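Chains as they are written, first to last, in this note's numbering: chain A, 1 to 268; chain B, 269 to 527.
Shown next, in structure tokens, is the structure this report addresses.
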Amino acid sequence: MTAIPTSASTGGIGLTLRDVRRAFLGGVVAVDGISLDVAPGEFVAILGPSGCGKSTLLRAIAGLDRPTSGLLQLLDPNAKEKGDGGRALAYVFQDAHLLPWRNVLRNVAMPLELMGVAANERADAARNALEQVGLGDAMRRYPAQLSGGMRMRVSLARAMVTRPRLLLLDEPFAALDELTRQRLDEMLRGLWDRAGMTVLFVTHSIAEAAFLADRAVVMTRRPGRVVIDHRLTLGRERSGATRTSEVYVREMRVLYEALERGDRGEPA
Amino acid sequence: MSIAAWVKRLLPPVTPLVVVFAAMEVAVRMGWVKEFLVPTPTSVFHALFTDGAGSREMWEALLRTAEGSFAGFALSAVLGLIVAVVLTSAGWVQRAFYPYAVFFQTVPIIAIAPLLVIWLGFDLRTVVASAFIVSVFPVIANTLAGLLSVDPALRDLFRLYGAGRVATLFKLKLPSALPSILTGLRIAAGLAVIGAIVGEFITGGGLGGLIGVARREQRVDKVFAILLLSALLGVVMFSLINLAGRLSLRHWHASESAS
Numbered sequence: 001m002t003a004i005p006t007s008a009s010t011g012g013i014g015l016t017l018r019d020v021r022r023a024f025l026g027g028v029v030a031v032d033g034i035s036l037d038v039a040p041g042e043f044v045a046i047l048g049p050s051g052c053g054k055s056t057l058l059r060a061i062a063g064l065d066r067p068t069s070g071l072l073q074l075l076d077p078n079a080k081e082k083g084d085g086g087r088a089l090a091y092v093f094q095d096a097h098l099l100p101w102r103n104v105l106r107n108v109a110m111p112l113e114l115m116g117v118a119a120n121e122r123a124d125a126a127r128n129a130l131e132q133v134g135l136g137d138a139m140r141r142y143p144a145q146l147s148g149g150m151r152m153r154v155s156l157a158r159a160m161v162t163r164p165r166l167l168l169l170d171e172p173f174a175a176l177d178e179l180t181r182q183r184l185d186e187m188l189r190g191l192w193d194r195a196g197m198t199v200l201f202v203t204h205s206i207a208e209a210a211f212l213a214d215r216a217v218v219m220t221r222r223p224g225r226v227v228i229d230h231r232l233t234l235g236r237e238r239s240g241a242t243r244t245s246e247v248y249v250r251e252m253r254v255l256y257e258a259l260e261r262g263d264r265g266e267p268a
Numbered sequence: 269m270s271i272a273a274w275v276k277r278l279l280p281p282v283t284p285l286v287v288v289f290a291a292m293e294v295a296v297r298m299g300w301v302k303e304f305l306v307p308t309p310t311s312v313f314h315a316l317f318t319d320g321a322g323s324r325e326m327w328e329a330l331l332r333t334a335e336g337s338f339a340g341f342a343l344s345a346v347l348g349l350i351v352a353v354v355l356t357s358a359g360w361v362q363r364a365f366y367p368y369a370v371f372f373q374t375v376p377i378i379a380i381a382p383l384l385v386i387w388l389g390f391d392l393r394t395v396v397a398s399a400f401i402v403s404v405f406p407v408i409a410n411t412l413a414g415l416l417s418v419d420p421a422l423r424d425l426f427r428l429y430g431a432g433r434v435a436t437l438f439k440l441k442l443p444s445a446l447p448s449i450l451t452g453l454r455i456a457a458g459l460a461v462i463g464a465i466v467g468e469f470i471t472g473g474g475l476g477g478l479i480g481v482a483r484r485e486q487r488v489d490k491v492f493a494i495l496l497l498s499a500l501l502g503v504v505m506f507s508l509i510n511l512a513g514r515l516s517l518r519h520w521h522a523s524e525s526a527s
């Protein structure tokens with residue numbers, strides 16, 4: 001039985017991508033020469049139109065898919081042992097993808113169970129993760145009894161339960177209504193603030209990218225390339241007031257123009 | 269449920285039955301239809317319940333057939349599940365062996381039942397084998413479909429957390445396939461009863477054997493009584509699986525878990 005990795009204290013994992021390209025059988029090029037450096041603990045939004053290869057990129061970073069060419073490296077400043085990479089990562093999909101036959105607590109404990117963590121230890125960790133997303137009192141309920149927003153929070157807790165040092169999110173709140181989504185954005189930002197992991201957040205929403213991230217990478221439509229790599233000038237504290245601030249609106253404009261350029265297929 | 273609710277629920281299916289029985293009774297008693305062609309419902313009732321040794325023989329035959337059907341069905345459930353799991357272990361395994369699994373679906377059981385007797389003898393083993401052969405394919409096919417349609421995102425998640433083949437099978441694939449497996453079992457239950465009765469046509473004994481006797485004696489009332497009993501057996505098996513399904517899937521759907 002392994003203990004729960006207490007990696008949160010050791011900060012996030014950095015990331016280096018050089019000319020990453022992914023072509024699929026049949027000649028479709030999803031990602032075409034992406035280069036990117038992400039510092040440990042950074043919150044980066046990857047913004048682009050639907051079908052621009054954002055998800056392909058994220059899957060490649062997670063090790064679920066292999067780039068056709070290029071270099072993709074995870075830089076773990078505190079790595080003690082090699083081959084531990086898989087456990088330091090967590091992935092959140094567009095839909096919650098919970099196991100319908102397990103209650104909320106056992107869904108959240110699932111990653112630890114697969115990693116061989118002892119039962120009482122993983123239950124404690126799952127309870128803790130659920131409290132962080134405000135679902136401390138829904139632990140015995142089943143996914144079918146939850147609203148879409150609650151299910152997504154369970155999914156987030158499941159990702160956080162291993163205390164990942166790199167959290168990958170693939171349009172996680174895209175299917176939710178605006179208010180729920182804003183609340184979850186704020187919750188995610190809070191989780192990041194406390195845990196300090198590196199976050200890569202894929203989205204097609206300008207507002208979401210501007211609100212959440214410290215840095216936004218805007219991609220062209222397929223084959224995906226980088227249009228701009230933009231550092232947002234919003235402060236570390238984000239709240240409801242951020243959404244109406246002048247800086248926020250200005251940043252949204254920058255991202256909007258970049259997105260427009262990308263849609264015309266003009267890389268920077 | 270209240271009595272009124274039960275009446276409301278049972279009235280629609282029971283009404284046609286009553287009308288048809290009444291029509292049969294009248295048609296035969298008035299001499300419009302000959303009694304050796306269609307029995308009166310009262311004579312069927314007599315054969316089932318008030319015919320002394322004859323009735324007892326029928327209910328005993330029902331138990332024999334139930335035994336053969338259950339055994340054949342259980343064999344189908346276990347082996348069908350194992351075969352489906354093995355078939356999904358690798359692409360080439362499925363390509364190599366699935367066509368032969370399909371063979372079971374096309375076996376004309378009537379034609380090979382005599383062969384089973386030669387191989388296995390005039391006893392329960394032939395009946396069980398016959399029930400098994402006709403009921404195993406739906407289990408294999410539905411389980412296979414279930415195992416192959418596991419949510420790809422969840423597969424990715426299991427990979428990400430380093431789950432092995434065994435953990436993925438028992439914690440993801442089989443539970444995901446449960447609704448499909450239950451569909452297969454439901455179909456198999458009815459087929460197992462048919463398979464057992466066909467087997468008994470050849471070996472004698474059970475409901476199948478009794479039908480043969482009643483037919484030779486031209487006792488249509490007995491034939492109908494036996495048909496009712498075999499239908500009863502099918503319904504009981506089907507209901508048991510439905511119950512098992514409802515219990516095991518009760519958390520999957522909001523409608524069933526909310527109450």
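The C-beta atom is built at its ideal place from N, Cα and C for all residues, glycine as well.
Quick caveat: nothing in here was measured; it's all calculated off a predicted structure.
Are the Cβ atoms of residue i and residue j separated by less than 9 Å?
i	j	result
residue 165/A	residue 11/A	yes
residue 176/A	residue 206/A	no
residue 135/A	residue 157/A	yes
residue 415/B	residue 512/B	no
residue 411/B	residue 449/B	yes
residue 439/B	residue 113/A	yes
residue 133/A	residue 117/A	no
residue 41/A	residue 196/A	yes
residue 203/A	residue 171/A	yes
residue 15/A	residue 90/A	no
residue 480/B	residue 466/B	no
residue 200/A	residue 38/A	yes
residue 30/A	residue 224/A	yes
Considering only residues of the same chain and omitting the five flanking positions on each side of residue i, which have a CB-CB separation below 7 Å?
i	result
residue 270/A	In the structure as shown, chain A starts at 1 and stops at 268, and residue 270/A therefore has no counterpart that could be examined.
residue 486/B	304
residue 111/A	158, 161 and 162
residue 482/B	490, 491 and 494
residue 264/A	none
From which residue to which residue does the alpha helix (DSSP H) around residue i run?
i	result
residue 56/A	54-62
residue 366/B	359-374
residue 511/B	488-516
residue 429/B	Segment: none, residue 429/B is in no alpha helix (DSSP H) and carries neither H nor E.
residue 328/A	The displayed coordinates of chain A run from 1 to 268. Any statement about residue 328/A would go beyond what the structure contains.
residue 409/B	392-416
residue 270/B	Counting along the chain, residue 270/B falls outside any alpha helix (DSSP H), and DSSP gives it neither H nor E.
residue 256/A	246-263
Going by beta carbon distance, what residues of the same chain come within less than 6 Å of residue i, once the five residues before and after it are set aside?
i	result
residue 337/B	399, 460, 461 and 464
residue 406/B	452, 455 and 456
residue 291/A	Since the first residue of chain A shown is 1 and the last is 268, residue 291/A is not available in this structure.
residue 404/B	344, 348 and 372
residue 514/B	none
residue 312/B	489, 492 and 493
residue 308/B	293 and 296
residue 231/A	215
residue 76/A	13
Take residue i and list the residues in its own chain whose beta-carbon comes closer than 8 Å to its own, dropping the five residues that flank it on each side.
i	result
residue 314/B	489
residue 500/B	330
residue 355/B	361, 362, 365, 366, 369, 408 and 412
residue 275/B	none
residue 323/B	315, 316 and 317
residue 238/A	186, 189, 211 and 212
residue 144/A	100
residue 123/A	105 and 109
For the beta strand (DSSP E) holding residue i, just list the boundary residues, first then last.
i	result
residue 183/A	Where residue 183/A is concerned, there is no enclosing beta strand (DSSP E), although the alpha helix (DSSP H) it sits in stretches over 178-195.
residue 201/A	198-203
residue 170/A	166-170
residue 229/A	226-231
residue 75/A	69-75
residue 215/A	215-219
residue 272/A	Absent from the model: residue 272/A. The displayed extent of chain A is 1 to 268, so no value can be given.
How about residue i: is its C-beta nearer than 9 Å to some C-beta of chain D?
i	result
residue 201/A	The structure shown contains no chain D; its protein chains are A and B.
If you measure beta-carbon to beta-carbon, which residues of the region 416-428 of chain B are closer than 8 Å to chain A? Residues passing the 8 Å Cβ filter: 419, 421, 422, 424, 425, 426, 427 and 428.
Between the region 428-454 of chain B and chain A, which residues of the former have CB atoms less than 7 Å from a CB of the latter, in chain order? For chain A, the residues of the region 428-454 of chain B that bring a beta carbon within less than 7 Å of one of its beta carbons are 428, 429, 430, 431, 435 and 443, in chain order.
Residues of the region 107-122 of chain A with Cβ closer than 7 Å to any Cβ of chain B, in chain order: Cβ contacts with chain B come from 111, 114 and 115.
Only counting runs of 4 or more residues, tell me where the alpha helix (DSSP H) segments fall wholly within the region 284-353 of chain B, in order along the chain. Listed in chain order, they are 309-313.
Entirely enclosed alpha helix (DSSP H) segments - the region 99-130 of chain A, minimum 4 residues: DSSP runs (the alpha helix (DSSP H)) wholly in the region 99-130 of chain A: 104-114.
Suppose only complete runs of 3+ residues qualify. What are the beta strand (DSSP E) ranges in the region 5-44 of chain A, listed by chain order? DSSP assignment within the region 5-44 of chain A yields the following whole beta strand (DSSP E) runs of 3 residues or more, N-terminal first: 14-23 and 29-38.
What residues in the region 507-523 of chain B have a beta carbon less than 7 Å from any beta carbon of chain A? Flagged, chain order: 519, 520, 521 and 522.
Beta carbons nearer than 7 Å to chain B: which residues of the region 40-67 of chain A have them? Residues 62 and 64.
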